[in-house]
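Notes for the one structure printed next.
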Amino acid sequence: MNDSFPKKPLTAVIAFSIAMAFLEAAVVIYLRELYYPEGFCFPLKMLPSNILVIELVRETSTIIILAAIGWLSAKSSLGRFAGFMIAFGVWDIFYYVFLKLSLDWPAGLLDWDLLFLIPLPWIGPVIAPVLVSICLIGSGVLVWLRESQNRPVRISRRHWILEVVAGLVIIGSFLTNIDVVIAQDVPDSFRWEIFSIGLLSGVIVFIHAVRKSDEPG
Numbered sequence: 001m002n003d004s005f006p007k008k009p010l011t012a013v014i015a016f017s018i019a020m021a022f023l024e025a026a027v028v029i030y031l032r033e034l035y036y037p038e039g040f041c042f043p044l045k046m047l048p049s050n051i052l053v054i055e056l057v058r059e060t061s062t063i064i065i066l067a068a069i070g071w072l073s074a075k076s077s078l079g080r081f082a083g084f085m086i087a088f089g090v091w092d093i094f095y096y097v098f099l100k101l102s103l104d105w106p107a108g109l110l111d112w113d114l115l116f117l118i119p120l121p122w123i124g125p126v127i128a129p130v131l132v133s134i135c136l137i138g139s140g141v142l143v144w145l146r147e148s149q150n151r152p153v154r155i156s157r158r159h160w161i162l163e164v165v166a167g168l169v170i171i172g173s174f175l176t177n178i179d180v181v182i183a184q185d186v187p188d189s190f191r192w193e194i195f196s197i198g199l200l201s202g203v204i205v206f207i208h209a210v211r212k213s214d215e216p217g
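If you're matching positions, the sequence shown starts at 1 in the numbering used here and goes up one per residue.
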């Protein structure tokens, strides 16, 4: 990395996100102690409606906080979004790190987890969101690196549309077992083909945007 790379903002975003990850893990530890004292596992137990509402607001607040630190981390719009991607990715990965250190969970990267509740419960193996987070961190750092070199990534409207579609495909893979959650059953398979299409498409579109940014004109 060159001397103009924003090392201090990156350090601040990483430190903030790790701290946020511990707070997130702490809340989940409390919830599991209350509702899963024997250890977290499927089928999921239904939360009381008042607790569920609080959880939905908490999840929304967490995303807003991570977006805010991304906004403060850079000056350009894309740089700010990259800051959010880095923050989200670090937060997500260290959330699992702290759960592993505190509860010795997950036992493996293929363990099932409840990822989000907005707008419906997302479930999938732990490794799936971790892979997404690694891609987010890598993409965000690359955006910052190129901006520090005065070679900013130029993402066209078409690229943005394709990235949104790829993201929706990934989310769709996490929602394919919604019937299992509603029936309070145990998921037996994850739609890896849907997830892989979404993730690989997102990566390919981003790489294409980076390559197009280097073309003259």
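Heads up, the beta-carbon is just placed ideally off N, CA and C, and yes, glycines get one too.
With a 10 Å radius around its C-beta and 16 neighbouring C-beta atoms as the bar for buried, classify residue i as buried or exposed.
i, result
"V57", "exposed"
"G39", "exposed"
"L66", "buried"
"L256", "Any question about residue 256 goes unanswered here, given that the chain covers just 1 to 217."
"M46", "exposed"
"P216", "exposed"
"I161", "exposed"
"W112", "buried"
"I170", "buried"
Specify, as a first and last residue, the run of the alpha helix (DSSP H) that residue i falls within.
i, result
"I118", "Unbroken run through I118: none, as it is neither H nor E."
"L175", "157-175"
"N50", "49-72"
"G198", "192-213"
"F81", "77-103"
"F22", "7-35"
"V180", "178-182"
Kindly list the residues whose CB is nearer than 8 Å to the CB of residue i, restricted to its own chain and excluding five residues on each side of it in sequence; keep chain order.
i, result
"L168", "G198"
"A209", "V153, R154, I155, S156, H159"
"V130", "D92, I93, Y96, L109"
Residues in its own chain within less than 7 Å of residue i by CB, not counting five upstream and five downstream?
i, result
"F116", "E59, W122"
"I29", "S102, L103"
"G172", "I194"
"S148", "N2, S4, F5, P6"
"W105", "F40, L99"
Which one or two residues does DSSP pair with residue i in a beta bridge?
i, result
"V112", "For clarity, residue 112 is Trp in the given sequence; the question names Val instead. According to DSSP, which records beta bridges pairwise, W112 is partnered with P125."
So that I know if they touch, is there some Cβ in chain D lying closer than 7 Å to that of residue i?
i, result
"V132", "In the structure shown, chain D does not exist; there is a single protein chain."
In chain order, what residues of the same chain lie with their CB nearer than 6 Å to the CB of residue i, ignoring the 5 residues before and after it?
i, result
"N177", "I123, P187"
"R32", "F40"
"P9", "S73"
Using a threshold of 6 Å, is the CB atom of residue i nearer than that to any non-hydrogen atom of the ligand FAD?
i, result
"W192", "As for the ligand FAD, it is missing from this structure, which has no ligand bound."
Original post:
Can you find at least 3 beta carbon pairs, one from the stretch 85-98 and one from the stretch 58-77, that sit closer than 8 Å?
Top reply: Between the stretch 85-98 and the stretch 58-77 there are three or more C-beta pairs closer than 8 Å, enough to call the two in contact.
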